[in-house]
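In what follows, a single structure is set out as structure tokens and then discussed.
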């Protein structure tokens, strides 16, 4: 190992269970200008990724001017700022089908599409000014979750577990669930991959119905037999390791077998919600209703995961791609997601977990304020769209950023995906500027070139 | 070309019409020899046939006006001719025959000769008294083709052209093809050129018999066609003339760089930012200024932001600020394209004293220095270099490892498989003193095996970020990509010289269109490709970046991608260097290229396919347009194939099947080839790449500001990074690049490759940052050793096997993995390679080794990939390798995602891996298979224990292990033992 390949990183590459040692120096939220207060630091993140691209002007960014310009071209004063991106149509402005109303003490307006989420606005920090340049689902998903359209960089989940390791070594520290993979927005593996980080930071893809793969003993093997197997394995491995170079890695592998037994107990327990959760809780998420069932299970599992110390949970709900008939599409999507997500917020709060759990709700982009073709839908638009954050020390009840009169292009406080990634890490108490990994001779950080924490998210 | 094309289309119709006997446009008067109403339809292509009688005198029984007249520089004429054998006579038994199609500017009359320096195409008797196909301008200026065969229809195709272009110039060249195939375009059978041609405009044509024919001769002619191009003649879409890229806007320059801008810079900026300075930024170097500006866009230029800033980022940082007028002048200069005066401020040459950029010197092999250490520790030159380093550190190398460890080690690092049962048996029958000699022989045998090719190909496929799908959202499968995988395997297995291997992959299609060369370009075409991007510029630029970055990392160990957006912060590579390098690839793209066996039938099928597609696309477009859909109207290919009408639908799906069945490769094609020399089959997806080769004419290429395809900077042409000695770039840019990369003087190529070979055996390279030989990479542990190996590679004609042997025969490779305390204390990171370091097997090795152990491994070679979800027990290199959906084993054991060049796989450890190895169906089934085999081989439990250890770990069971295992088997099965051994560190590592 040379100085270019620090020993700390080597341990990160090969070892397990050593992460707390590795990250001690990174835990310096106090030293960051952005987080002067001593509010709660999140332990976990639940990223609610809305695949397909929810429309900002139909959810969190009301634009009365859409009515005024209905059917007309986008006025030149706005059109001239629309970047030359294919799909950014400038003809036939289309008003929203949903009325907006102010909610909560903060009075944040939310459309009638999301009545349950609206009840939580005082906990939400709505960012109306996210923008990037990629109007295509796959690359857009990569931008949303890794920062770059080719998905070569680590996902934000991988960065998070790289930074903080695990709080429960009996479960994977990063789990991803893909619900409703409708349409052509195939899940992009980059979204839960590690990029250049070692594969142990990989998100484990979970089927909410069947749990974590290979946590069941093979047919015909009973627990006692497994114990014998593991004993013999340990004997052989110890014998092999003795006086060998690279014993760190060999030792780490020995330890990984110790963990399998515990994981085989912890994983089924995690997924055993049907008998252990109360009816009231299940109703809160909408488990019993057909529309909401799948997302409800995922959200409930999300809560159970963070409760057990899983660092990063990613729930991907597909189907938001409303090219034709946005009214029926978004109605369906809202029906699938609104109640379960609101239920998750309520449940976390009532259990006192909201302060230690950061929730992020975001699509890969928003949609145009114009109609696409003649089909009563909206096309993709990454020029200015809305996401929200909640819990984890975030100051709720506030709106950050602004778009133009039609909700097309950001006019104030542009935020990039790298910015909200940095903010997620900051919420976890990690200084993203100091979190680095040496890849091909370069110290890579989650900020890439110019990402920065959004301090307003936390300041009260 | 478009205009001419449509003119010629009209021409065909005109000619067709006059030949149809019912046409009222018939100009020729039927003579006595012209028989009406006796048509023979030999094929569907028949338009009309004439049966013409012989005449004993010169006669033109049928002639036609050509409207409009032909004056263009070249055209094709084609007709069919059948001469019954019984009528054919020669000069020996008669007079021979004479029959022509003439083309002239005058009509003449029924007895005109039309042989006065105008084109004739037909038959004539030659000096040897044979009747042969013939082209001529006059009786003294003729050339002959093949002999006339009686009783069969022959197609004559002639290209008539002007050697000097222009409407006034005469047609003075004829080329003739007899019964040509489509691909014969550039290979005419007969050519003729004359000095004294007369006709510059073709207004008339006709068929004439000569005096040599007899009155009872019956000559059948027909299917007369005129066409502007060979393609048109064959019903193929003609190549489209390249679209010149839109030139950069030429603004009116109102601000002078020298007189207006430079004085401002001098007054305010040059004090700190001129020449080499502490700020790290120079305003007198064009490429550095480009990093801070966007030509034509002052408002997005960082430089202007800094000049306008009022906070800490303001420039100049203190003192007098630039006046608004001065800022306006600089803004205007940027908006007018940032004109630069290279004479006034020349770009300084980039230089570096970094080790990897210096020429490779042949280091002297150190003389033996001391006897401290095992006897064999000085056995090879490799060891001599290491011994010198070790002695300087006071480190003693470990002793030789035992025979069975080494047998397993060489098998695993050479072939990726443990020794076969057979191999183990042979080896363990030998007395220990014969082990080393046996190993030497075994190494040579293994290096010449197919399994070596398969294992080492996997490393290369990582490096080439090879996969069988497009990646990105739609991730469409590439059904022909496997051929490149086989090419790589075969290249290793046949020990192809590395320089040739590199040249074929970068420029195979420029070397030849032979299958091997075309398939090799799969290296370039392995790039990811978004099938869902409407912006063709972005779509192509992503591919070009991918190819550029991969080439630099894979072959040169350079991280060029930094320079995509700005001059490299650490390495001497400028943003200009990046785009010059990218320009090598600018005129090509990936595609499904038709291989040699199908190049005759391919183009016609593909053309017909596109014709139906385009017709339908147009129809759908018209419908949407009529419904009032605003432009731009995008119609995806799925929509087009859904909307095909009746008969088109049937034919289209037939064509799809036929094209699918053609042998093809996922390869790279460029403007160096055309649709005939290298036909490209459709590879549809939502928004595919542009299919016309004309879309590839990207020259001139431009530097892209901050990597943004929409922000073009100055023009660049292909060139190697300015740091290196410049090489001439000929008309085949990628060949020039490959020549430079594989030249003896290239300081990086050989070093990078021998380092990869070292890493393949030891798990780590002499340079431990194998993807970065630049200043941010790590220095080699032992540069003399690296350079020695690099020099050996070049001096031995890039013979990869030679390097393997140098490494495999060394003591360094054959020593134990003991953690010798004294050495560990002095060199804990093993920089001087005093011990073998056990490393974990790669994902594919784990699966293949388990299958090999259980006797289930299927060693079939090559061919299309096997489904990962299937039951295939072939080697992992033959399993489907799609992006985004890797096999579970690959996913958890650090196999790369094939999104970018992977030169080193990390070796993470996680309980998820252990759960898989303990609980998956795969490992449990293989453990069962192994146990069954052992049980079949022996009934005695003690023997079974011995065999199990030998089969799985390649060694004898030890005396310490025996009682433990025996006790284990009292409470568990042999299958349990197999499962435990397959999970053991010893099995999973190369020890």
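Chains as they are written, first to last, in the working numbering: chain L, 1 to 460; chain G, 1001 to 1991.
Built from N, CA and C at the ideal position, the CB exists for glycine as well.
- According to DSSP, residue 398 (chain L) shares a beta bridge with L:125.
- Flagged as an interface residue toward chain G: residue 193 (chain L), by a C-beta distance shorter than 9 angstroms.
- Nearest to residue 242 (chain L) by alpha-carbon distance, out of G:1819, G:1968, G:1823, G:1847, is G:1819.
- By the Cβ test, the stretch 1473-1485 of chain G is in contact with the stretch 1516-1536 of chain G, since at least three Cβ pairs between them sit closer than 8 angstroms.
- Apart from sequence neighbours up to five positions away, the residues of its chain that approach residue 1453 (chain G) with a beta-carbon distance below 7 angstroms are 1489, 1490, 1492, 1493, ordered along the chain.
- Contact between the stretch 295-311 of chain L and the stretch 159-179 of chain L is present: 3 or more CB-CB pairs across the two stretches fall below 8 angstroms.
- Residues of the stretch 361-387 of chain L with a C-beta less than 7 angstroms from any C-beta of chain G: 373, 374, listed in chain order.
- When DSSP assignments are scanned along the stretch 1373-1421 of chain G, no uninterrupted stretch of beta strand (DSSP E) that is 3 or more residues long falls wholly within it.
- In this structure, residue 429 (chain L) lies near residue 41 (chain L), with their beta-carbon atoms less than 9 angstroms apart.
- Look at residue 116 (chain L): its C-beta is not under 9 angstroms from any C-beta on chain G.
- When DSSP states are grouped into helix, strand and coil, residue 291 (chain L) belongs to the coil group.
- For residue 131 (chain L), there are no C-beta contacts with chain G under 7 angstroms, since the nearest C-beta of that chain is about 15 angstroms from it.
- Taking the Cβ atoms as the reference, residue 1294 (chain G) lies roughly 5 angstroms from residue 1301 (chain G), within the contact range of under 8 angstroms.
- Between residue 252 (chain L) and chain G, the shortest Cβ-Cβ separation is below 9 angstroms.
- The DSSP-derived three-state label of residue 1155 (chain G) is strand.
- Listed in chain order, the non-local C-beta contacts of residue 1304 (chain G) below 8 angstroms within the same chain comprise 1293, 1298, 1327, 1330, 1331, 1334, local neighbours out to five positions each way being set aside.
- DSSP places residue 1230 (chain G) in the uninterrupted alpha helix (DSSP H) bounded by 1230-1233.
- Rounded to whole angstroms, residue 1574 (chain G) and residue 1357 (chain G) show a C-alpha spacing of 15 angstroms.
- When the Cα atoms are used, residue 1171 (chain G) and residue 1098 (chain G) turn out to be separated by approximately 22 angstroms.
- The stretch 1423-1435 of chain G makes no contact with the stretch 1763-1773 of chain G; the number of CB pairs closer than 8 angstroms stays below 3.
- When the five nearest sequence neighbours on each side are left out, the beta carbons in the same chain lying within less than 6 angstroms of the beta carbon of residue 1547 (chain G) are those of 1524, 1527, 1585, in order along the chain.
- Put simply, the CB of residue 1783 (chain G) is far from chain L, with every gap to its CB atoms at 9 angstroms or more.
- If you draw a straight line from the Cα of residue 1092 (chain G) to the Cα of residue 1133 (chain G), it comes to about 18 angstroms.
- Taking the CA atoms as reference points, residue 1063 (chain G) sits about 12 angstroms from residue 1050 (chain G).
- With the criterion set as a beta carbon lying under 7 angstroms from some beta carbon of chain G, the members of the stretch 133-146 of chain L are 136, 137, 138, 139, in sequence order.
- For residue 1909 (chain G), the closest of G:1902, G:1513, G:1892, G:1965 by C-alpha to C-alpha distance is G:1892.
- Taking a 10 Å sphere around the C-beta of residue 386 (chain L), we find 16 or more other C-beta atoms and assign the residue as buried.
- Annotation: residue 62 (chain L) to residue 1607 (chain G) spans about 51 angstroms, alpha carbon to alpha carbon.
- Under DSSP, the beta-bridge partners assigned to residue 1051 (chain G) are G:1220.
- Where residue 343 (chain L) is concerned, the enclosing alpha helix (DSSP H) starts and stops at 326-350.
- Taking C-alpha positions only, residue 1447 (chain G) is separated from residue 198 (chain L) by approximately 31 angstroms.
- Assignment of residue 1648 (chain G) by DSSP, reduced to helix, strand and coil, places it in the helix class.
- Sorting G:1953, G:1060, G:1863 by C-alpha distance to the C-alpha of residue 1479 (chain G) places G:1863 at the top.
- Per DSSP, residue 108 (chain L) is one residue of the beta strand (DSSP E) stretching across 108-111.
- Listed in chain order, the non-local C-beta contacts of residue 1702 (chain G) below 8 angstroms within the same chain comprise 1248, 1579, 1712, 1713, 1714, 1715, 1716, local neighbours out to five positions each way being set aside.
- Pairing residue 1903 (chain G) with residue 1554 (chain G) gives a Cβ-Cβ distance under 9 angstroms.
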